[in-house]
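A short worksheet on the structure shown next.
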Amino acid sequence: MKGTILGRHPGIIHYTIGQRKGLGVGGSEEPLYVVRLNPDTNEVVIGPKTCLAQQKFL
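In terms of our numbering, the sequence shown opens at residue 100 and continues consecutively.
The structure is reproduced here in structure tokens:
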């Protein structure tokens with residue numbers, strides 16, 4: 100599922116990092132979270148909770 104487009108969204112302004120509800124995607128064995136927002140490409144990147152862990156903050 101890596102790199103797969105799962106749907107469309109009304110704009111990244113409607114999402115926050117760590118958000119789980121209201122993503123409009125399903126069918127995954129584990130819950131999905133917003134792990135990254137890319138304003139340059141208008142992408143909302145989602146993934147499992149383990150993808151939220153960070154080693155450093157920028």
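Glycine is no exception: its CB is placed at the ideal position from the N, C-alpha and C atoms. This one's a predicted model, so the numbers in the text were calculated from it and none came from an experiment.
Item                                                                                                          : Value
Where VAL124 falls, given that 16 or more other Cβ within 10 Å makes a residue buried                         : exposed
Identified DSSP bridge partners for VAL133                                                                    : ILE145
Cβ-Cβ separation, LEU131 to PRO147 (assumed contact under 8 Å), whole Å                                       : 7 Å
Cα-Cα separation between GLY126 and LEU105, rounded to whole angstroms                                        : 10 Å
Outcome for ILE145 when other beta-carbon atoms lying within 10 angstroms are tallied against a minimum of 16 : buried
For ILE111, the three-state DSSP class (helix, strand or coil)                                                : helix
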